[in-house]
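>
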């Protein structure tokens with residue numbers, strides 16, 4: 017089975033802190049994604065990556081950056097956390113070719129105080 | 277990617293089949309139909325996908341109409357653990373993201 021893991025299920029940070037959210041997949045997928053999910057707004061794409069060291073902006077990249085140094089790992093970085101970044105963050109991965117997935121991790125619920 | 281329309285909520289009795297409809301009247305010839313579900317506070321879970329033929333796996337069956345303008349996800353024997361929000365998505369294979377709508381909140385009742 018495909019497995020996508022995220023470093024934390026719950027995280028509480030203070031305004032202005034630098035926050036790292038880590039995602040690891042074990043199926044050698046080329047594509048990896050970061051979404052955030054908020055009530056009434058659904059899932060929104062923040063960034064995605066189709067290869068190591070490659071990244072593309074999604075719909076809402078402002079206030080975020082990403083890092084993909086290894087194929088299996090995709091990190092989301094909040095350079096200076098703000099209260100409006102309180103949300104559920106979801107990582108996903110998929111093959112470059114083929115129609116299956118993407119497959120999602122369990123999510124990280126981040127609260128910024 | 278084409279848009280989809282789903283009912284906001286449905287109920288189903290435990291042990292009965294749950295039939296979740298989805299309209300995608302603007303679907304293109306190269307767009308697949310995907311179904312995901314999300315149980316409260318968890319990440320979306322992939323269920324099934326198809327292009328034009330009906331598909332079945334261990335979780336569900338997907339019935340796509342001949343004109344491909346609508347589809348139905350069937351959970352043959354719904355259990356309480358199938359209570360979740362179900363999302364129908366259409367997208368081109370290899371497209372680099374999934375666009376989730378509001379989905380259908382399925383409640384399975386004892």
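Protein chains in written order, with the numbering used here: chain A, 17 to 129; chain B, 277 to 386. Ideal Cβ placement from N, Cα and C applies to all residues, glycine included. Source: prediction; values computed, not measured.
Does the CB of residue 335 of chain B have a neighbour CB from chain A at under 8 Å?
With 8 Å as the cut-off, residue 335 of chain B does not count as an interface residue toward chain A.
> Considering residue 110 of chain A, what are the terminal residues of the beta strand (DSSP E) in which it resides?
Per DSSP, residue 110 of chain A belongs to the beta strand (DSSP E) from 103-110.
> If you measure between the beta carbons of residue 357 of chain B and residue 365 of chain B, is that distance less than 8 Å?
Not closer than 8 Å, so no.
> Counting only Cβ pairs nearer than 8 Å, list the residues of chain B close to residue 123 of chain A.
By Cβ distance, chain B contributes 317, 318 and 319.
> By Cβ distance, which residues of its chain are closer than 8 Å to residue 30 of chain A, with the 5 residues on each side in sequence left out?
So the qualifying residues of the chain are 97, 128 and 129.
> From this set, A/57, A/92 and A/55, which residue's C-alpha is nearest residue 73 of chain A's C-alpha?
It is A/92 whose Cα lies nearest to the Cα of residue 73 of chain A.
> If the cut is a Cβ gap below 7 Å, which residues of chain B does residue 119 of chain A touch?
Those are 322, listed as they occur along chain B.
> Label residue 57 of chain A either buried or exposed according to how many other C-beta atoms from any shown protein chain fall within 10 Å of its C-beta, with 16 as the threshold for buried.
Exposed, since its Cβ has fewer than 16 Cβ neighbours within 10 Å.
> My guess is that residue 314 of chain B and residue 384 of chain B are in contact by the Cβ rule of under 8 Å, so how many angstroms apart are they, rounded?
The pair is not a contact, with the Cβ atoms about 15 Å apart (cut-off 8 Å).
> According to DSSP, which residues form a beta bridge with residue 303 of chain B?
None, per the DSSP bridge assignment.
> In angstroms, rounded to a whole number, what distance separates the CA positions of residue 341 of chain B and residue 325 of chain B?
C-alpha separation (whole angstroms): 14 Å.
> Which residues, taken in chain order from the region 29-41 of chain A, show a beta carbon closer than 9 Å to some beta carbon of chain B?
From the region 29-41 of chain A, no residue has a Cβ closer than 9 Å to chain B.
> The beta strand (DSSP E) that contains residue 35 of chain A, what's its start and end?
First-last of the beta strand (DSSP E) with residue 35 of chain A: 35-41.
> Where does residue 358 of chain B sit, in a helix, a strand or coil, going by DSSP?
Of the three classes helix, strand and coil, the one that applies to residue 358 of chain B here is helix, per DSSP.
> Which same chain residues end up closer than 6 Å to residue 389 of chain B when comparing Cβ atoms and leaving out the 5 residues on each side of it in sequence?
This structure gives no information on residue 389 of chain B, because the portion of chain B shown stretches from 277 to 386.
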